[in-house]
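Engineer: In my numbering, the protein residues as written are 1 to 362.
Below are the structure tokens for one structure; questions will follow.
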Amino acid sequence: SDTTLALVRGFYDVFERGSIDVSVTYDQDLFKPLVANRMSFGLKRYIEYNQTSLCEKRYSNETYKAQIEKRLATLARPEGDLLDIYKVLQKVTGSDAWVDGDEPAKITVSEEGTILGTINALRDLTQAMFYSSASNMSPEFLPDVTVDQLYRLLEWTYWYQALTEMDNSQATTIAAPLAASILQALREEEGGDEADDDDDVLNVSIFVGHDTDISRVASLFGLRFDLDPPYYTSPRAAGLYAPAPPGSAMHFVHDVASQFVEMTFVYPVLIAANGHLYWDGRVTTVSMKKRNSPTDAIGRDGKHKFRRRRLSVIGSDKDDRGLRLLEDRIKSNLLKYEGALECFKRANELPSWRREGTSRSA
């Protein structure tokens, strides 16, 4: 909600000139479909209190635990032995807790599917170091950690997120309503009943969530991406994660003329390799690619094609095949997990007022 308010304030002068017609919606259904007692509202619109969850949890704890355990066993880890990393942290923190016990680097899964082990402390500490450095806090939190070490530690947090928030029943079900709204927003840009008669009108939808939401949506859309240096990607982990640093975003554009859907990932480099801090809003763009595919585009003939600017593109040059291919991919992934497609369909039944306007978020 704070990010939404900041966006609205940033566009205030444009609103005053009448250049943008804006609507802001706070909708917990898009991000918490399995949680009861949720609230949704739009500015100057209805307020809706939901006493029951939008979707039902159809998967069992046993199924979810088995999925996480399988990911733990098969998802490639970043370079470096965890115990060696803990020894470095022992030195910079002055704490022996990192290497205490018989198996300090052991990672296990609870009966509820929760990750157990010192890896949780590593993730929290790494995020604290990154945020404090990027914010230029004084004194800096654990200043003895180098920039290179920090980015290598950060890769472990992206591995953790890929482990827990991708390719499982819970993540897919939670992502279903947001995926439905993204598709709806892309359809509005293609024309049809919901389009404005003015050809100069551009519909823009901004969904404000968390890094976990990016991982879940990327998983459901079947997308993966790597970040350019100074962010570090181990060779064996290339194309397997969906890293989402602070200030990052997934960008979808439906080109009505070509019927292609362009998909890119936008993110800031807050800390340069030399330690310089960037607060000027500069961003880097990389393509989001179909999982396990080295290509940047899929054409109507099913063959892989290269597109200028190396955007990840899906679609064809006629009809609305671009959106249909994307929706087919999403539904194929939904069918892998019990209850996920049902949640997707429920999201498409949400009241229309929660989809109106050019800017929406939760």
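Backbone N, C-alpha and C define an ideal beta-carbon position, used for all residues, glycine too.
For Y64, collect the residues of the same chain with a Cβ closer than 7 Å to its Cβ; drop the 5 residues on either side in sequence, then sort them by chain order.
Structural biologist: Cβ neighbours of Y64 beyond the five flanking positions: G113, N168, S169 and Q170.
Engineer: Under 7 Å, do G222 and R329 count as touching if we go by C-beta distance?
Structural biologist: Yes, the Cβ-Cβ distance between G222 and R329 is below 7 Å.
Engineer: Buried or exposed, going by whether 16 or more other CB atoms sit within 10 Å of the CB of Y278?
Structural biologist: Y278 should be labelled exposed.
Engineer: Apart from the five residues just before and just after T367, which ones in its own chain have a Cβ nearer than 6 Å to its Cβ?
Structural biologist: With the chain covering only 1 through 362, there is no way to say anything about residue 367.
Engineer: Is A347 closer than 7 Å to A180 when the C-beta atoms are compared?
Structural biologist: Yes; because the gap between Cβ atoms is below 7 Å, this pair is in contact.
Engineer: Straight-line CA distance for F252 to R187?
Structural biologist: F252 and R187: Cα-Cα distance of roughly 11 Å.
Engineer: Compute the Euclidean distance between the alpha carbons of T146 and Y337, then round it to the nearest angstrom.
Structural biologist: Their backbone Cα atoms lie some 42 Å apart in a straight line.
Engineer: L223 by DSSP, collapsed to three states: which one?
Structural biologist: DSSP places L223 in strand when its eight states are reduced to three.
Engineer: Could you tell me whether the Cβ atoms of R216 and E155 are closer together than 7 Å?
Structural biologist: No, these two residues do not count as a Cβ contact at 7 Å.
Engineer: According to the neighbour-count rule (16 or more other Cβ atoms, all chains shown, within 10 Å of its Cβ), is G322 buried or exposed?
Structural biologist: Buried.
Engineer: Got a sec, what are the start and stop residues for the beta strand (DSSP E) V283 sits in?
Structural biologist: Looking at the DSSP string, the run of the beta strand (DSSP E) that includes V283 is V283 to S287.
Engineer: Run through the DSSP bridge pairs and tell me what P268 is partnered with.
Structural biologist: Partner(s): V283.
Engineer: Could you give the C-beta distance for T381 and T157, rounded to a whole number, given that I count them as a contact under 8 Å?
Structural biologist: Summary: the structure shown does not reach residue 381, with the chain confined to residues 1 through 362, and so no result is reported for it.
Engineer: Kindly identify the DSSP beta-bridge partner or partners of L116.
Structural biologist: Paired residues: T108.
Engineer: Tell me whether the beta-carbon of Y232 lies closer than 7 Å to the beta-carbon of R152.
Structural biologist: Contact: yes.
Engineer: With DSSP as the reference, please indicate the residues paired to K290 in a beta bridge.
Structural biologist: DSSP lists L223 as partners of K290.
Engineer: Roughly how many angstroms separate the alpha carbons of S248 and Y59, rounded to a whole number?
Structural biologist: Near 31 Å, if we compare the C-alpha coordinates of Y59 and S248.
Engineer: Please classify M288 as buried or exposed, where buried requires at least 16 neighbouring CB atoms within 10 angstroms.
Structural biologist: Buried, since its Cβ has 16 or more Cβ neighbours within 10 Å.
Engineer: How many Å lie between R45 and S234 at the Cα?
Structural biologist: Confidence in R45 is poor, its pLDDT being 45 and thus under 50, which makes the residue's placement unreliable; the coordinate value appears in the next sentence. Approximately 48 Å between the Cα atoms of the pair.
Engineer: Given a threshold of 16 other Cβ atoms within 10 Å of its Cβ, counted over all protein chains shown, does H254 qualify as buried or as exposed?
Structural biologist: Burial call: buried.
Engineer: In whole angstroms, what is the alpha-carbon distance linking V261 and A97?
Structural biologist: One C-alpha to the other measures close to 49 Å.
Engineer: Once DSSP output is grouped into helix, strand and coil, what is the label at L335?
Structural biologist: Note: L335 maps to coil in three-state DSSP.
Engineer: On the CB-based measure, 16 or more other CB atoms within 10 Å of its CB, does S219 come out buried or exposed?
Structural biologist: With 16 or more other Cβ atoms within 10 Å, it is buried.
Engineer: Taking the alpha helix (DSSP H) that Y158 falls in, what are its first and last residues?
Structural biologist: First-last of the alpha helix (DSSP H) with Y158: V147 to E165.
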